[in-house]
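Q:
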Amino acid sequence: MRALYVFALLALLGQGTGEEGARLLASKSLLNRYAVEGRDLTLQYNIYNVGTSAALEVELSDDSFPPEDFGIVSGMLNVKWDRIAPASNVSHTVVLRPLKAGYFNFTSASVSYLAQEEGQVVVGYTSAPGQGGILAQREFDRRFSPHYVNHLSFQTICMVIVDFSQRPLTGVPVKSLDTPTHSMVFLYLYYFLHCRIIVKTSTMK
1 MRALYVFALL ALLGQGTGEE GARLLASKSL LNRYAVEGRD LTLQYNIYNV GTSAALEVEL
61 SDDSFPPEDF GIVSGMLNVK WDRIAPASNV SHTVVLRPLK AGYFNFTSAS VSYLAQEEGQ
121 VVVGYTSAPG QGGILAQREF DRRFSPHYVN HLSFQTICMV IVDFSQRPLT GVPVKSLDTP
181 THSMVFLYLY YFLHCRIIVK TSTMK
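Heads up, the sequence shown is in the UniProt record's numbering, so the first residue is 1 and it goes up one at a time.
1) Return helix, strand or coil for Glu57, following the three-state DSSP convention.
2) Assuming the contact rule is C-beta atoms closer than 8 Å, Ile134 and Val90 should be a hit. Round their C-beta distance to whole Å, please.
3) Expressed to the nearest angstrom, what Euclidean distance is found between the alpha-carbon atoms of Glu20 and Ala85?
4) Based on DSSP bridge pairs, tell me the residues matched to Arg83.
5) Who are the Cβ neighbours of Val121 in its own chain at under 6 Å, not counting the five residues just before and after it?
6) Taking all protein chains shown into account, decide if Pro66 is buried (16 or more other Cβ within 10 angstroms of its Cβ) or exposed.
7) From Gly102, Thr52 and Ser61, pick the residue whose C-alpha is nearest to that of His93; which is it?
8) Quick one: what does DSSP say Arg97 is sitting in, helix, strand or coil?
9) With respect to the beta strand (DSSP E) encompassing Tyr44, which residues constitute its N-terminal and C-terminal limits?
10) Is the beta carbon of Val95 closer than 8 Å to that of Asp40?
11) Among the residues of its own chain, which have a CB less than 6 Å from the CB of Ser27, if the five just before and after it don't count?
12) Who pairs with Gly130 in a beta bridge, going by DSSP?
13) Exposed or buried, what is Phe144 when buried is set at 16 or more other beta-carbons lying within 10 Å of its beta-carbon?
14) Thinking C-beta only, is Ala22 closer than 8 Å to Ala54?
15) Thinking Glu37 and Ala136 are a contact (beta carbons under 8 Å), I'd like their distance in whole angstroms, please.
16) Beta-carbon of Tyr45 versus every beta-carbon of chain C: anything under 8 Å?
17) According to DSSP, is residue 211 helix, strand or coil?
18) Might you give, ordered along the chain, the residues of its own chain that have their beta carbon closer than 6 Å to the beta carbon of Arg83, omitting 5 neighbours on each side?
19) Output yes or no for whether 8 Å exceeds the beta carbon distance between Trp81 and Val50.
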C-alpha cells in the first residue's frame, strides 16, 4: 500500500511538469515473508505508465539472479510488452527457488521503452528489495514447523520418562514408575493432546 502512495505522488508530480510522452514507474518486490533454501520464492514486478501517451517496446530485464544460486520454477526474468497505455499498469510474476542459504542482495531490474514513436530509448530501474537472508531448510523447520517442534518435545519427554524409570526417587516407590502402564498412559495422553493442537493449527491455516 505504501508503494502505491509513492507511485501516486510521483504521478502527480509528473503531471505538474507538463512532460509529453510516456513515463514509466516500476517496482520489484518479494511476496514471501521468508526466503528459504529449496522453497519457492515469488517475485512481482509492477510497471505504471503515468505519462500522457503509450509506452512502446517496453522491456523488463532482471539479471541479478545467478543460475548457480537460483533456479527458475516458472516465469521469465526477461519479458517484453508492445505497448503500455497511459494511466494503466502491467504486472509480471516470477517464481524462483534459492539453491543456497546465506545473505543475498536483491537489486533492481532494468526497464527500457520508447516514450514516443521514433524517439530515443529510455532506460530506468525498478525499486530494489535490498539485502535479505535466505534461511537453510533445516533452520526454517526448526524455527517455524509445529510438527518439528512437537516431535522434539515428544522425544524429550520419552527420554525423561525412561531415565526416571531406571532409577529410584526418594520417597517414591520404584514400582510406581517402573510399571509400563503409568509411562504408557502418560505418553499416550501427551501425544493425544499435541496431535489435537497440530490439527487445530492446521485447520486455522
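Ideal Cβ positions, reconstructed from N, Cα and C, are used throughout, including at glycine.
A: Taking the structure as given:
1) strand
2) About 28 Å separates the two Cβ atoms, so there is no contact after all.
3) 14 Å
4) Leu56
5) Ser112
6) exposed
7) Position check: residue 93 holds Thr in this sequence, whereas His was assumed. Distances from the alpha-carbon of Thr93 to those of Gly102, Thr52 and Ser61 put Ser61 closest.
8) If DSSP states are grouped into helix, strand and coil, Arg97 belongs with the strands.
9) As written in the sequence, residue 44 is Gln, which differs from the Tyr given in the question. From DSSP, the beta strand (DSSP E) with Gln44 extends over Leu41 to Asn49.
10) The answer is yes: Cβ separation under 8 Å.
11) Ala3, Asn46, Thr126 and Ser127
12) Phe106
13) exposed
14) yes
15) 5 Å
16) Absent from the structure is chain C; it holds one protein chain and no more.
17) This structure cannot speak to residue 211, because the chain is shown only from 1 to 205.
18) Ala54 and Leu56
19) Taking C-beta atoms as the reference points, Trp81 and Val50 fail to come closer than 8 Å.
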